[in-house]
Ligand code: FCB
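In the working numbering, the protein residues as written are 129 to 596.
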């Protein structure tokens, strides 16, 4: 492997390419019992013994609920032009129905206006996993009514906040909000029922369609899309068995979620896998997939969001989950064991553009955790993250050089934060957070990202941006 160019250099991306950072409400806000917020499924799940590393919770997290202004100041000082954030549904609508909570509306109006005042463009996610607990008590995403209420909520949000942001992401990673949450039990509400998971998946996609329709109706200027997690999967060996195992995982991780949105259907082999749980390729009055659902889910969006983290080789193995064993690709695994292989991002972007959609693509999340710590000089040196980012940002240029219309990149994450079941043990931020004192220290990677953004605004474009 050739050495990676680690300089913060012009990558040959267009001048209006959007560089940003991303966060999510439950992971940073804290203030769970303040401002009229109602409980969400993450409050309930984190209270369950054994669910979260060391029993940690998002009760305080980065205390962003109180510190948002200083956090935005820091973002502006770093010259970060765009910020993808999520709205907490239970802060805005404590039980998931009825009028919006005025204090919640005020909080987010100030936050979004605060971004704009500082020249930061907000990209707003409506659902990043924190369902109001009252809706879970009524059955959660496996119930069709949850999708309908989400559509109604989106309309209220469009009315109250729609003037403050142009870009809207309806749902973040439906694969995690359904399969990880209702099948694998790893995320709230922590159920392990495949039937619930498949129904949740369809209803999250339907919720996307209903939210898209509501935003369109109330804010015709809004640019709306959904964010899917897209993993790069390839067979470990040349044999047919590994290829078949890879195809099976691709159905469960990727195609189940991409095909309905971008092709307007569930593929035959996807339906074959989930037919016992009620998935059909036809729409029926009493079934899971009702007349009109697929038209709503695949209604024209303005962009496609993609989160990308993992590059996996798949080996056939009858003893493993669904007959497939996943092998993370070397080299330089990050703390999660995920690889640092930027060509996987290029591959995923190319695949989306060739197999699924010609919409503009935005990488709405990408990043890595490492063992970051404060050294006696008061700094946080994270050369591994700089290495990672140098590779993955250059991969964007490679994708563009291959003809992919990728328009933006949001680094996960701005701050170290509450990493779901891993609690505070995984640091994804370019800004270090001391959770005891709430002190923020920009890591070396934050300064590198600042310089990269600068170079790509000011510098002359280079013809190619190869990372190798
Ligand atoms: C994604 C989530 C995000 C964060 C990263 C590491 O799946 O959308 O909230 O946890 O993983």
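Glycine included, each C-beta is placed from N, C-alpha and C at the ideal position.
Three or more beta-carbon pairs separated by less than 8 Å link the segment 463–474 to the segment 516–526, which places the two stretches in contact. Taken through DSSP and simplified to helix, strand or coil, residue 464 comes out as coil.
Sequence-distant partners of residue 574 (beyond 5 residues in either direction) whose C-beta falls short of 7 Å from its own C-beta, in its chain, are 206, 558, 559. Between ligand 1 and the CB of residue 456, the shortest heavy atom gap is not smaller than 7 Å.
Membership of residue 214 in the beta strand (DSSP E) is indicated by the continuous run 210–214. The alpha-carbon separation between residue 312 and residue 277 amounts to approximately 25 Å. The residue among 236, 407, 411, 432 with its C-alpha nearest the C-alpha of residue 423 is 411. If you ignore the 5 residues before and after residue 442, its C-beta comes within less than 8 Å of the C-beta of 361, 362, 363, 364, 370, 373, 374, 377, 452, 453, 454, 455, all in its own chain and listed in chain order. Put simply, the segment 199–217 touches the segment 139–149. At least three CB pairs are less than 8 Å apart. In this chain, the alpha helix (DSSP H) harbouring residue 515 covers 511–529. Residue 419 carries a coil assignment under DSSP once its states are collapsed to helix, strand and coil. Cβ contact annotation for residue 421 (same chain, cutoff 7 Å, sequence separation greater than five): 334, 411, in chain order. Taking C-alpha positions only, residue 241 is separated from residue 297 by approximately 18 Å. Contact annotation: residue 194 and residue 275 have beta-carbon atoms that are not nearer than 8 Å.
Remark: the C-beta of residue 517 is outside contact range of ligand 1, defined as less than 7 Å to any heavy atom. Taking the Cα positions, residue 216 is about 19 Å away from residue 273. Runs of beta strand (DSSP E) with 3 or more residues, each lying fully within the segment 139–175, are found at 146–150, listed in chain order.
Taking 8 Å as the cut-off, the beta carbon of residue 289 is found closer than this to the beta carbon of residue 237. For residue 374, no beta strand (DSSP E) encloses it; the enclosing alpha helix (DSSP H) starts and ends at 368–378. Residue burial is scored here from C-beta neighbours: residue 382 has at least 16 other C-beta atoms within 10 angstroms and is therefore classed as buried. When DSSP states are grouped into helix, strand and coil, residue 386 belongs to the helix group. At a threshold of 7 Å, residue 512 does not count as near ligand 1, since its beta carbon sits no closer than that to any of the ligand's heavy atoms. Less than 8 Å separates the beta-carbon of residue 491 from that of residue 538. Taking non-hydrogen atoms of ligand 1 into account, the C-beta of residue 205 is found less than 7 Å away from none of them. DSSP places residue 454 inside the beta strand (DSSP E), whose first and last residues are 452–456. In the displayed model, residue 217 falls within a helix according to three-state DSSP. The Cβ atoms of residue 405 and residue 308 lie no closer than 8 Å to each other. CA-to-CA, the gap between residue 183 and residue 576 works out to about 34 Å.
Note that the C-beta distance between residue 450 and residue 380 is below 8 Å. Shortest gap from the CB of residue 310 to any heavy atom of ligand 1: 7 Å or more.
Rounded to the nearest whole angstrom, the C-alpha separation of residue 487 and residue 434 is 12 Å. For residue 225, the secondary structure class from DSSP, reduced to helix, strand or coil, is coil. In the structure shown, residue 291 adopts helical secondary structure according to DSSP, grouped into three states.
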